[in-house]
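The structure under discussion appears below in the form of structure tokens.
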Amino acid sequence: MRLPIDVSKIPDEDKNNPTVLLLLEIISQQGEQIQQLKDEIARLKNQPPRPKIKPSRLESKAAGKKKHKGKKRAGSKKRKKTAHLQIHETLTVPLQNIPQGAEFKGYNPFVVQGLKIRVHNIKYLLATYQTADGKYLCARLPEHLNGKHFSAELVSYILYQHYHCGVTQPLLLEQLREFEIDISTGQLSNILIEGKAVFHKEKDRILAAGLEVSNYINVDDTGARHNGKNGYCTHIGNESFSWFESTASKSRINFLKLLRAGHCDCVINMDAIGYMQENKLPQKPLEAIIESLGVIFANESQWNHFLSQNGIVKDRHVQIATEAVLIGSIVEHGISSNLVIVSDDAGQFNVLMHALCWIHANRAIDKIIAFTDQAKKDLNTVKDQLWQLYKGLKAYKQNPKPKDKKRLSAKFDKIFTQKTASASLNLALGRINNNKAELLLVLERPDIPLHNNGAENAIREYVKKRKISGSTRSQSGRQCRDTFTSLKKTCRKLGLSFWQYLKDRIEHIGLIPDLSDLIRQRALNPG
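For the sequence shown, our numbering gives the first residue as 403, with consecutive numbering after it.
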């Protein structure tokens, strides 16, 4: 952002004045905000946007990737591309104008891959008999048809196009009609969102299994409007699974309810009491709750009745106590209190063991604009130090050593407690230093990732859908969007074809195990 002030005209004695530097940085930040508003106005007017800021290079720099000229890229080894293909048709092409005396030496194969898209309608003739007493007996349709007039493969194709390929319902309807499929808007909508209880249940089992076997989870959320009102979608997952749920709230209570993985109870146990004490719940309401240690409330209604009976009515006290009994429920159902939650520092995710994303922390440094030569020098020095620290943390994850733990912790202190010539940089360093325990949790738990890129990449699915299709309108549509996005991304992480998965489930083939079982198998055999 170019400053509306010529820095060169500032007297030399004022260039290093902390107040002057701070004012320049404030002006720069205001300029950025003004530019963002201008960009939004341009977007609303359908004008070309500004080029976007490049993403953080922290991860790519730490990886130390270099381009080697003259060498092939990874994965470029030649292979026989057609050796595994099934040949459906063989055509012989004769040679024209064969010279006299030429000897036939066989055929030179050339494989062409193709796809046939055509209507395939089936008429079932159901044998019907009349018994001696006048009753009629009729043969049954194959089970996978479920009484519908659309084949299992067509239904699989419709679900695949909409939930995997992102084809909107109007375009999908147009496509099917161009393929000469006689289908109405209502029939297409029913195929997409109705009668999906089996899929919803499997989706719920994904979360339960994922939390059961995981040491950590990546979490993130984004806006997901529903029926014309603001809403949110939360992602929970790691390298083995992805799970999405859309709700009207993004509070910590909402997040903890999701972590219960389908359970509805509230539990007063020692984990709950510890959370209340840690968050400084006043002694009087705490004593009333401690007296009921071990009590399990079947649902939130019973819990709320308990709160009112014991005079716990202040919003803050209700919030702390409710968060605590939800944590009690989570632990009661087998989820370890040592489960690490990796996030981008959104407050609602700061429960259990919390770790922060280094890429997000680095963005606070990348946003800073230096105005003096010394400030620029200090900024470049900090960026280089941060890169070296991140590289060291990555190496520590691969080979944890006690001496490296102390060294890296000391290096963190040296970087984020230093004073520079930039007031904004000093503030950013101070904020990052306040999060030391969460950023360096990897020193105690080298099994967790250093960033939250997995969750950010997963939640991008909803950002794209929001831009293309807007909000969902029916509860069934909202639920199906969450369910099929969860199933699709979990299949991808487990190395399964989503197309084959859909066919297996809809045609009742039964070759692909329940995804929750595959998640548990991967945990037992990570190789």
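Cβ coordinates follow ideal geometry from the N, Cα and C atoms, glycine included.
Roughly how many angstroms lie between the CA atoms of P928 and N855, to the nearest whole one? 21 angstroms
Would you check if the segment 651–661 and the segment 674–688 touch, i.e. whether three or more CB-CB distances between them fall below 8 angstroms? no
Beta-carbon proximity check, G696 vs N671, cutoff 8 angstroms: yes
Which same chain residues end up closer than 7 angstroms to D673 when comparing Cβ atoms and leaving out the 5 residues on each side of it in sequence? I729, G730, V733, S739
If you measure between the beta carbons of D637 and I921, is that distance less than 8 angstroms? In the sequence under discussion, the amino acid at residue 637 is His, which differs from the Asp named in the question. No, these two residues do not count as a Cβ contact at 8 angstroms.
Quick check on DSSP: helix, strand or coil for V669? strand
Beta strand (DSSP E) segment containing L539, residue limits: 538–540
With a threshold of 16 other CB atoms inside 10 Å of the CB of F601, please say whether the residue is buried or exposed. buried
For A529 and G536, what's the separation of their Cα atoms in angstroms? 16 angstroms
Provide the residue span of the beta strand (DSSP E) that contains A955, from first to last. This structure does not reach residue 955, given that the chain is present from 403 up to 929, and the question cannot be answered.
CA-to-CA distance, T892 to L917, given in whole angstroms: 8 angstroms
What alpha helix (DSSP H) runs, 4 residues minimum, are completely inside the segment 523–588? 554–561, 571–580
I think H486 touches K890, with their Cβ atoms under 8 angstroms apart; what is that distance to the nearest whole Å? Not quite, the Cβ-Cβ distance comes to about 25 angstroms (not below 8 angstroms), so this is no contact.
Beta-ladder partner(s) of K631, from DSSP: H628
To the nearest angstrom, how far is it from the Cα of A857 to the Cα of Q432? 31 angstroms
If we ignore side chains and look at the alpha-carbon of each, how far apart do E909 and E555 end up? 8 angstroms
Do you know whose CA, among P848, V422, I817, lies nearest P804's CA? P848
Nearest to I524 by CA position, among N510, L425, K550, R445, is which residue? K550
Let me know the secondary structure DSSP gives E693 once reduced to three states. coil
Name, in chain order, the residues that DSSP records as bridge partners for D849. None; D849 has no bridge partner.
So who's on the other strand from E647, going by DSSP bridges? T636
Based on Cα-Cα distance, which residue from L426, N752, L561, F552 lies nearest to Q902? L561
Quick check: L841 and A723, are their CB atoms within less than 8 angstroms of each other? no
Taking the C-alpha atoms as reference points, what is the distance between P915 and I698? 34 angstroms
M403 versus S826 - alpha carbon distance: Reliability of the predicted coordinates at M403 is poor, the pLDDT of 47 falling under 50, and the value obtained from them is presented with this limitation in mind. About 15 angstroms.
Entirely enclosed beta strand (DSSP E) segments - the segment 726–794, minimum 3 residues: 742–745, 755–758
How big is the Cα-Cα spacing for R654 and S878? 25 angstroms
Quick test of your reading: V615 and A757, contact by CB under 8 angstroms. State the CB separation rounded to the nearest angstrom. Contact flag wrong, Cβ pair sits at about 19 angstroms.
Start-to-end residues for the alpha helix (DSSP H) that takes in G879: 877–895
Leaving out five residues before and five after A700 in sequence, what residues of the same chain have Cβ atoms less than 8 angstroms from its Cβ? C666, D667
Do the CB positions of L791 and K813 come within less than 8 angstroms of each other? yes
Exposed unless 16 or more other CB atoms sit within 10 angstroms - verdict on I593: buried
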